[in-house]
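Inspection log for the structure reproduced underneath, given as structure tokens.
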Amino acid sequence: MELKKPCTHCDGESVYSQYTYRANVAGVTVSDPRQMAYVCNVCGEVLLTTGEVAGLQRRAAMTALRDLPSIRGEALRYARKAAGLRLVDLARLLDIAPETISRYETSNDAVPRAVQVAMHGLLLLRESGVSLQSLIDAATKPVGATELVVPAPTPHAA
Ligand SMILES: [Zn+2]
Numbered sequence: 047m048e049l050k051k052p053c054t055h056c057d058g059e060s061v062y063s064q065y066t067y068r069a070n071v072a073g074v075t076v077s078d079p080r081q082m083a084y085v086c087n088v089c090g091e092v093l094l095t096t097g098e099v100a101g102l103q104r105r106a107a108m109t110a111l112r113d114l115p116s117i118r119g120e121a122l123r124y125a126r127k128a129a130g131l132r133l134v135d136l137a138r139l140l141d142i143a144p145e146t147i148s149r150y151e152t153s154n155d156a157v158p159r160a161v162q163v164a165m166h167g168l169l170l171l172r173e174s175g176v177s178l179q180s181l182i183d184a185a186t187k188p189v190g191a192t193e194l195v196v197p198a199p200t201p202h203a204a
């Protein structure tokens, strides 16, 4: 059965179908051909929720950080924002001064590879259901804990 709804832009009809999302990650086009969305068969308008767009941006950022040999600051900033992290949060998570993160993001030089890999890891964790806030909380706990509890497994997104 075909899923359809009226287009919000024109008199056409939007059909639930495959389409390729393209993100511009700091000048690199990242294509995501496995998306499903309502696409208007007249004007081509694609209906996506803000949550869906955020997910697409996270996957684009992950792909860029994983597949590029090095990234510049603009890509780090894109990835951090896609992960929903403030600059101070990323600084806390990586134990790097906020000023240094800020310098990485605004510089035209390559970001240190360790930061690129760590940012990719944070996006992967978020994608697998780990709360980045819980990691920030853990980073601010007093050292010397002698007891930890294994968290309940997170259900996989469909
Ligand atoms: Zn339309």
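Residue numbers 47 to 204, in the numbering used here, belong to the letters of the sequence shown in order.
Don't be surprised by glycine CBs; every beta carbon is placed ideally from N, CA and C.
Under the three-state DSSP convention, the category residue i falls into
{"i": "Ser153", "result": "coil"}
{"i": "Glu173", "result": "helix"}
{"i": "Thr54", "result": "coil"}
{"i": "Glu59", "result": "strand"}
{"i": "Val196", "result": "coil"}
{"i": "Glu48", "result": "coil"}
{"i": "Val189", "result": "coil"}
{"i": "Ala143", "result": "coil"}
Residues near residue i by beta carbon distance below 6 Å, same chain, minus five either side
{"i": "Ala128", "result": "Gln103, Arg104 and Ala107"}
{"i": "Tyr62", "result": "Leu49 and Tyr84"}
{"i": "Arg112", "result": "His166"}
{"i": "Ser206", "result": "In the structure as shown, the chain starts at 47 and stops at 204, and residue 206 therefore has no counterpart that could be examined."}
Close-in-space but distant-in-sequence residues of the same chain around residue i (CB under 8 Å, 5 per side omitted)
{"i": "Cys254", "result": "The structure shown does not extend to residue 254, since the chain is modelled only from 47 through 204, so no value can be given for it."}
{"i": "Ile182", "result": "Asp135, Arg138 and Leu139"}
{"i": "Ser148", "result": "Leu133"}
Own chain residues within Cβ distance below 7 Å of residue i, not counting five before or after
{"i": "Ala143", "result": "Ala137"}
Quiz item: Going along the chain, which unbroken runs of the alpha helix (DSSP H) with 4 or more residues stay wholly within the segment 62-138?
Solution: Taking only runs of at least 4 residues, the alpha helix (DSSP H) segments lying wholly in the segment 62-138 are 96-113 and 119-128.
Check: So does the segment 133-150 actually touch the segment 94-102, counting three or more Cβ pairs closer than 8 Å?
Finding: In short, these stretches do not touch, since the Cβ pair count stays below three.
With three or more C-beta pairs closer than 8 Å as the rule, is the segment 70-89 touching the segment 104-117? Judged by pairs of C-beta atoms under 8 Å, the segment 104-117 touches the segment 70-89, as three or more such pairs exist.
*asked:* Quick test of the definition: if touching needs 3 or more C-beta pairs under 8 Å, does the segment 148-159 touch the segment 121-132?
replied: These segments touch.
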